[in-house]
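Going from the sequence shown to my numbering is simple: count from 1 and add 2.
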Amino acid sequence: MENQRWYRKLHWQILIAMAVGIATGLAGGEAVVGKVGWLGTLFISLLKMIIVPLIITSIVSGVASIGGGRDLGRLFGKTLGYYVLTSALAILAGLFAVNLIKPGVGANMGSAQQATLPELAAPSSPIDVLLDVVPENFFGAASESKMLSVIFFCIVFGMALAHLPEKPRTVLVEVFDAGFQAMMKLTAGIIVFLPLGVFGLITRLVGTSGLESFRALGMYMLTIAISLTVHLFVTLPLILILLGRIKPQIHFRNMMDALLMAFSTSSSAATLPVTISNVEKKVGVSNRISSFVLPMGATINMDGTALYECAGVLFIAQVLGVDLTIGAQMVVVLTALLASIGAAAVPSAGLVVIFIVLEAVNLRGPEVDVIVGAMLAVDRPLDMYRTAINIFSDSCGAAIIAKSEGEEVDTAVAA
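Printed below as a string of structure tokens:
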């Protein structure tokens, strides 16, 4: 990996594609958009294509593989509770930052602001939210992209699988796990074409609106970076202190190898062996805890991704001139929380599931695709940052849960 030539690395390919797209859009204007803009449309379609199978296989395999037993049930409760808490706090950080900074207000990104948008599907009460979440027909919900319903069904279905007798449980868990591995391979294969998609989308963006939109993208990146920094250096350390009586500075040092690996690869899955090694050998967590909490975290605990999905959707709404009500923003928060569970532990997976959150507030159409494509073009450094945060949150959870089970962790910096 270290000996790989610079031009074969994805982040450099994206930067080059972005630069070429800007140059092409400026030189050719709207005339060139029709010739290369389809590359971006095709790439967005590929991302949308894998949403439903990715969500189903990821959530069901992750939840069902936990198994049964009272001790395991207690461990599952602690783990899930921690992951929901940290993801929710990350989402709220992003929500607050976007409402405070308003990076998309007044932005001109193509013809998006002049587009005719559908009515927002904002529920009138919490009961309506609950009724919308529970599907009358799972296959109908999947075909209509009602992702809240799909995610809910996958969670309860995975819990049901976990309580089956050993033989059928093992068979079904292996089937869904194999399906998830296949979807991760497919996702990775699609991401290979990301530079071409970026080229098409950026050419379309610049060809129709010039460079003015990149002012908004700069503010967008700053907003996301500030939110992630607050979560990494304020929220998670406070959780370590309050829930685990653990010194954050020691935990940061003990997890440095995994943090650098996560930042370099942008993949929680690729970093998992290093994460487990650091958590067991340096933090001092037993294999009983780490082997359960960390793989589950790599699948369903995506603090940075959840924050990105929420903030990204609000940014898109601001660009489109849509004033999301408090009720609609709460739908975004809930959907981002649930959708982050289904994000695969591979680079840029959050780009796939952001469409789930967009669907929850009925934001769709070509103008939305253009904005997502522009966000995608500048996403690589943010993706690296939020992957490191995902890994650090997983490790904090493992340490806190181990401490609650009577283990001594993070007592000193390992050599």
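All residues carry an ideal CB built from backbone N, CA and C; glycine is no exception.
With respect to the C-alpha of G96, the residue from V232, E282, A19, T273 having the closest C-alpha is V232. For the set T205, K80, L240, the Cα lying nearest the Cα of A29 is the one of T205. Taking Q15 as the centre and dropping the five residues before and after it, the same chain places the C-beta of P197 closer than 6 Å to its C-beta, in chain order. Within the segment 156 to 194, the complete alpha helix (DSSP H) segments at least 4 residues long are 168 to 193, listed from N- to C-terminus. For P250, the uninterrupted alpha helix (DSSP H) run begins and ends at 250 to 256, by DSSP. The continuous alpha helix (DSSP H) containing L309 extends over residues 305 to 321.
Rounded to the nearest angstrom, the gap between the Cα atoms of L94 and P55 is 28 Å. Counting the other CB atoms within 10 Å of its CB gives N289 a total below 16, which places it among the exposed residues.
Sequence-distant partners of I358 (beyond 5 residues in either direction) whose C-beta falls short of 7 Å from its own C-beta, in its chain, are I53, M149, T337, A341.
In the structure shown, D385 falls within a helical segment according to DSSP collapsed to helix, strand and coil.
Comparing alpha carbon positions, the residue from E146, E369, I403 closest to G323 is E369. For K187, the closest C-alpha among the options S60, M258, A92, I248 is that of S60. With contacts defined as CB atoms closer than 9 Å, A376 and L219 qualify as a contacting pair. The shortest C-alpha to C-alpha distance from D396 to any of V86, G106, I24 is the one to V86. Secondary structure at E282: helix, using DSSP grouped into helix, strand and coil. Using a Cβ-Cβ distance cut-off of 8 Å, the segment 31 to 39 and the segment 132 to 147 are not in contact, since fewer than three pairs of beta carbons, one from each stretch, lie closer than that value. When the beta-carbon positions are compared, I248 and I402 come within less than 9 Å of each other. Counting along the chain, V236 sits inside no alpha helix (DSSP H), nor does DSSP assign it H or E at all. The DSSP-derived three-state label of V380 is coil. In the same chain as D259, and ignoring 5 residues on each side of it, the C-beta atoms closer than 6 Å to its own belong to V276, N280, in chain order. In the structure shown, D396 adopts helical secondary structure according to DSSP, grouped into three states.
When the Cα atoms are used, F195 and A25 turn out to be separated by approximately 20 Å. The DSSP-derived three-state label of R290 is helix.
A direct Cα-Cα distance of roughly 11 Å separates I241 from L234. Residue environment for G209: buried (at least 16 other C-beta atoms within 10 angstroms of its C-beta). If you look at G142, you'll find it in the alpha helix (DSSP H) that goes 140 to 145.
The residues T225, A313, L316, F317, in chain order, have a CB closer than 7 Å to that of V100 in the same chain once the five nearest residues on each side in sequence are set aside. Pairing F201 with A33 gives a Cβ-Cβ distance that is not under 9 Å. In terms of Cβ geometry, V374 and I57 do not form a close pair [threshold 9 Å]. C-alpha of H165 to C-alpha of S89: approximately 26 Å in a straight line. With a contact defined as Cβ atoms closer than 8 Å, Y387 and G306 qualify at about 7 Å. Comparing alpha carbon positions, the residue from A330, P383, L17, A400 closest to L360 is A330. Where E32 is concerned, the enclosing alpha helix (DSSP H) starts and stops at 32 to 51. Inclusion of V321 and A362 in the CB contact set at 9 Å is not warranted, their separation being larger than that value. Collapsing the DSSP output to three states places N101 in a helix.
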